[in-house]
Amino acid sequence: MKILDTRTNDLFSLRSQIIDVLRKCELRGTYFTGESSAAMVDDWLTRNNHSPFYFVIDGTGDVVCLVVTTKCSKSRLELSLVLTDPDKQGNGYARYAISHVIATFGKHKEMILDVSEYNSRAISLYESLGFKEYGRFSKMIRMQRSLKA
Ligand SMILES: CC(C)(COP(=O)(O)OP(=O)(O)OC[C@H]1O[C@@H](n2cnc3c(N)ncnc32)[C@H](O)[C@@H]1OP(=O)(O)O)[C@@H](O)C(=O)NCCC(=O)NCCS
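Note that the working numbering has the sequence shown beginning at 936, numbered continuously upward.
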């Protein structure tokens, strides 16, 4: 598998594949955007160095996992979306992608994310990667992980 991001790659050639993954997630009910998938993907593809968009492609060149980051402040980066193709889950793609973001984003002091308290699969993934709960709101858990070695 390989990970690409908008800091160093022109990803527009993979735009339709990324939109297909999102649409598949919506059809299967694993993720709901609430807005146009295409518009959302275009926003991600134009993300800058401060809050890159990452995705993983598998050995056959298919887009399998999407990770969107948002810069909250000079020291804080938010993991605003993590999504794996429903047919490709359980193969370590999200773990690989998040580990890569953690390893390459040392200039921020901490990474935060919000996850539904019902999403036990995502929670166990985040906990195993060192994220810890530090707050709750509206059935969501806010988690944090230091990026300092
Ligand atoms: C959460 C999600 C991103 C995980 O993606 P993934 O590529 O399948 O994750 P990985 O294969 O890297 O698995 C990582 C961990 O997830 C958990 N996990 C994976 N498959 C699981 C399953 N079938 N049952 C329970 N936990 C599972 C395990 O903790 C696993 O750890 P392990 O590597 O020690 O087995 C994916 O399930 C998904 O896209 N869900 C829908 C969108 C979503 O909920 N995103 C998170 C919003 S905050």
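Using N, Cα and C, we set each Cβ at its ideal position, and we do this for glycine too. These numbers come from a predicted model, not from an experiment.
- Partner residues in the beta bridge of L1001, as assigned by DSSP, are F990, L1018.
- Of the residues assessed, F988 falls on the buried side of the cut-off, its CB having 16 or more other CB atoms within 10 angstroms.
- By the neighbour-count definition (other C-beta atoms within 10 Å, threshold 16), T1004 is a buried residue.
- Nearest to D978 by C-alpha distance, out of F1072, A1057, F947, is F947.
- Three or more beta-carbon pairs separated by less than 8 Å link the stretch 1033 to 1042 to the stretch 1003 to 1020, which places the two stretches in contact.
- For the pair K1023 and S1081, the CB atoms are not nearer than the 8 Å cut-off.
- Short of 8 Å from the beta carbon of Y1053, and not among the five residues preceding or following it, lie these beta carbons of its own chain, in chain order: K1074.
- Judged by DSSP secondary structure, L1082 falls outside any alpha helix (DSSP H); it is assigned neither H nor E.
- The continuous alpha helix (DSSP H) containing M975 extends over residues 972 to 980.
- Burial state of F990 is buried, judged by a 10 Å Cβ sphere holding 16 or more other Cβ atoms.
- Using a cutoff of 7 Å, the CB of V976 does not count as near ligand 1, since none of the ligand's heavy atoms is closer than that.
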